[in-house]
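Everything below concerns the one structure shown next.
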Amino acid sequence: MPKLFTELHARSAFSFLEGASPPEELVRQAARLGYESIAVTDRGGFYGSARAHHAAREAGIRALVGCTLDLPDGTSFPVLCATRDGYRTMSRHLTDRHLHGMATLPEDTRGLIALTGDRGGPVCRPLLRDDRENALRAAKRLVEVFGRDNVFVELHRHGLRDDGRLIRHLRDLAAHLRLPVVASNAPLHATRGDRRLADAFTCLRHHVPLDQAGRLLAPNGERHVKSPAEMGALFSDLPEALDNARRVAERVEFTLENLGYRFPDFPDSRGNPLSLAEQGKLLRELTYEGAAGRYGVCRGRVKRQIEHELAMIQRLGFPGYFLIVHELVGFARGRGILCQGRGSAANSAVCYALGITAVDPVGSGLLFERFLSENRKSWPDIDIDFPSGERREEVIQHVFRTYGARNAAMTANVITYQPKSAFREMSKVLGFPPEAADRFSRAPGGFRGEGSAKPTEETDFDDRIAAILPPSHPRLPALSHLYHAVLGLPRHLGQHSGGMIVCD
Numbered sequence: 035m036p037k038l039f040t041e042l043h044a045r046s047a048f049s050f051l052e053g054a055s056p057p058e059e060l061v062r063q064a065a066r067l068g069y070e071s072i073a074v075t076d077r078g079g080f081y082g083s084a085r086a087h088h089a090a091r092e093a094g095i096r097a098l099v100g101c102t103l104d105l106p107d108g109t110s111f112p113v114l115c116a117t118r119d120g121y122r123t124m125s126r127h128l129t130d131r132h133l134h135g136m137a138t139l140p141e142d143t144r145g146l147i148a149l150t151g152d153r154g155g156p157v158c159r160p161l162l163r164d165d166r167e168n169a170l171r172a173a174k175r176l177v178e179v180f181g182r183d184n185v186f187v188e189l190h191r192h193g194l195r196d197d198g199r200l201i202r203h204l205r206d207l208a209a210h211l212r213l214p215v216v217a218s219n220a221p222l223h224a225t226r227g228d229r230r231l232a233d234a235f236t237c238l239r240h241h242v243p244l245d246q247a248g249r250l251l252a253p254n255g256e257r258h259v260k261s262p263a264e265m266g267a268l269f270s271d272l273p274e275a276l277d278n279a280r281r282v283a284e285r286v287e288f289t290l291e292n293l294g295y296r297f298p299d300f301p302d303s304r305g306n307p308l309s310l311a312e313q314g315k316l317l318r319e320l321t322y323e324g325a326a327g328r329y330g331v332c333r334g335r336v337k338r339q340i341e342h343e344l345a346m347i348q349r350l351g352f353p354g355y356f357l358i359v360h361e362l363v364g365f366a367r368g369r370g371i372l373c374q375g376r377g378s379a380a381n382s383a384v385c386y387a388l389g390i391t392a393v394d395p396v397g398s399g400l401l402f403e404r405f406l407s408e409n410r411k412s413w414p415d416i417d418i419d420f421p422s423g424e425r426r427e428e429v430i431q432h433v434f435r436t437y438g439a440r441n442a443a444m445t446a447n448v449i450t451y452q453p454k455s456a457f458r459e460m461s462k463v464l465g466f467p468p469e470a471a472d473r474f475s476r477a478p479g480g481f482r483g484e485g486s487a488k489p490t491e492e493t494d495f496d497d498r499i500a501a502i503l504p505p506s507h508p509r510l511p512a513l514s515h516l517y518h519a520v521l522g523l524p525r526h527l528g529q530h531s532g533g534m535i536v537c538d
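Structure, rendered in structure tokens:
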């Protein structure tokens, strides 16, 4: 029985309508059970990775980074980012997938480790139909793409009648291809009790009420984070599968702790990136050109302050950031689009000289180090306000044209279940008519905490439900449980009105 076990294929509520627990709760449960690490591999992206990372740091364990990739035939499998290069290559691959709508395998697989997936994977699904030929073909394709040393055959025991037959087929395939096997419980929720919400999400995903879901639902509640002792008992006959899971985790050296940050390089007129020295030289020229208009002759306090700021900006590697913001502001003003920098950037004489801000920090005696300092861990933050509507969209499209669709993106909002949407969706699962959700929404009084990550719901629900259902209604306990369980969980991604990401 292993002292240590690592779950390599967990999915959180950021695998929308599939995972039923926040990534933080998956991590906290793993820590409570004695894990040293757990991989959160949400479907189609790294959506839950940042939250998992922060929770893992607080809990004293490692959150491994990965995602689940969908294939054109409807199957999917998890991929782990073993190195920083792996995170970079997978980020690029996910960008291409979302940009072009293509469910292809990555062309560059450096630093990546692939597992064959659960029952919905490209290897297991054919085997469940006794189609060994297509299962073998799918496994060979993974080996061809990721390399033999980076593919692991995933084994599960969820207490299903055909578990034994499926594992025999998987072990035969692994032996034939000389691939190692790994044990996983492929959890979709943190604890056994979360299974009810997972069933509700299954109903929503398939657009059926609970009493008509039938075999669409999971046969049991085994898809939760299990303790090392439980996994050891399940795989006591296959200790190598447990050991291999731990060894894979040891190979995964990358976590978001290692991510770091580097601002993208500013391009020249032909689109080629400038070196840091060239960016610094250009920033100096533009700053003194602007300062001449702002201050006239630059000397004394003004010149000393500009030199101090330029030197620090160069030492910290940020000239490209200031050049990008300057170019953006210049584009807007050149087309008569109102824009204004604000916040602590107003403490910078360089920002003032570049026309980004409108306050003279030298004359006002403002402290530059409040904006940027070698002793601060935070990055410089220049907030720029643009008008809403078509004029803002002109600026957004300019960024896309300048940096390309693969290097610029709108920031996503995480839309969470709020009281009205939580009641509407969960009442639908339990077969209540739409009128019940309408009456719940129209009941007098507001919702305390609506719009927050976890609204204040107890009294709101009790007060409103009393006007809709009698206390003896047989489905009221289930409705109350699901309503409270789903509140604050991610529902879908939205698009921020003005936040953009630029990368290289």
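Counted the way the numbering used here counts, the sequence shown spans residues 35 to 538.
Cβ coordinates follow ideal geometry from the N, Cα and C atoms, glycine included.
| Asked | Found |
| --- | --- |
| Which term fits G522, buried or exposed, when burial requires 16 or more other beta carbons within 10 angstroms of its beta carbon? | buried |
| Could you pull the start and end residues of the beta strand (DSSP E) that L503 belongs to? | Here L503 belongs to no beta strand (DSSP E), and DSSP marks it neither H nor E. |
| What would DSSP say about A97, mapped onto helix, strand or coil? | strand |
| Please classify T450: does DSSP put it in a helix, a strand, or coil? | strand |
| Going by CA-CA distance only, name the one from F466, R296, V384 and F356 that's closest to C537. | R296 |
| Ignore the nearest five residues each way along the sequence and tell me which others in T450's own chain have a CB closer than 7 Å to its CB. | A487, G522, L523, P524 and R525 |
| For R349, count the other beta carbons within 10 Å of its own beta carbon; 16 or more makes it buried, fewer makes it exposed. Which is it? | exposed |
| Out of T150, A325, A172 and L464, point me to the one whose CA is closest to A220's CA. | T150 |
| Which residues in the same chain have their Cβ closer than 8 Å to the Cβ of A275, if we skip the five residues on either side of it in sequence? | L189, V215, V216, A217 and F269 |
| Per DSSP, what kind of secondary structure is F111 in: helix, strand or coil? | strand |
| Please name the residue, chosen from G305, E341 and F352, that lies closest to Q313 on a Cα-to-Cα basis. | F352 |
| In the structure shown, what three-state DSSP assignment does R369 receive? | coil |
| Start and end of the beta strand (DSSP E) containing R77? | S71 to R77 |
| Looking only at DSSP bridge pairs, what is E41 linked to? | I72 |
| For P243, which residues in the same chain have their Cβ closer than 8 Å to its Cβ, ignoring the five residues on either side in sequence? | C237, K462, V463, L464 and G465 |
| Is L250 helix, strand or coil when you go by DSSP? | helix |
| So, is G528 buried or exposed, given that buried needs 16 or more other C-beta atoms within 10 angstroms? | exposed |
| Taking 8 Å as the cut-off, decide whether the C-beta atoms of T445 and M534 are in contact. | yes |
| Please report the distance separating the alpha-carbon of L250 from that of L162. | 16 Å |
| With distances taken Cα to Cα, identify the nearest neighbour of G28 among I390, Y386, R404 and F405. | Look at the range of the chain in this structure, 35 to 538, and you will see that residue 28 is not part of it. |
| Look up E188 in the DSSP assignment and give the residues it is bridged to. | V216 |
| Just reading off the alpha helix (DSSP H) that G334 is part of, what are its end residues? | G334 to R349 |
| Quick check: A116 and E287, are their CB atoms within less than 8 Å of each other? | yes |
| Between which two residues does the beta strand (DSSP E) carrying H223 extend? | Here H223 belongs to no beta strand (DSSP E), and DSSP marks it neither H nor E. |
| Only counting the same chain, and skipping five residues up and downstream in sequence, which positions put a Cβ closer than 8 Å to that of A477? | D497, R498, A501 and I502 |
| DSSP state of D228, grouped into three classes? | helix |
| Evaluate A439 with the Cβ neighbour count: other Cβ atoms within 10 Å of its Cβ, from every protein chain shown; 16 or more gives buried, anything less gives exposed. | exposed |
| With a threshold of 16 other CB atoms inside 10 Å of the CB of R100, please say whether the residue is buried or exposed. | The sequence given here has Gly at residue 100, not Arg. Buried: at least 16 other Cβ atoms inside 10 Å. |
| Enumerate in chain order the residues of its own chain whose CB-to-CB distance from M35 is below 8 Å, with the five nearest sequence positions on each side excluded. | Because M35 sits at a pLDDT of 43, beneath the cut-off of 50, its placement in the model cannot be relied upon, and the following sentence gives the value as read from the coordinates. Contacts found: P262, A263, G266, A267 and S270. |
| Return helix, strand or coil for T102, following the three-state DSSP convention. | strand |
| On the DSSP letters alone, give me the boundaries of the alpha helix (DSSP H) that S407 sits inside. | No alpha helix (DSSP H) holds S407; DSSP gives it neither H nor E. |
| Would you tell me roughly how many angstroms separate the C-alpha atoms of G399 and L362, rounded to the nearest one? | 27 Å |
| Just to confirm, is the Cβ distance from T321 to L98 under 8 Å? | no |
| According to DSSP, simplified to helix, strand and coil, what is P156? | coil |
| Please state whether DSSP places D119 in a helix, a strand or coil. | helix |
| With the cut-off set at 8 Å, would you say T102 and T129 are in Cβ contact? | no |
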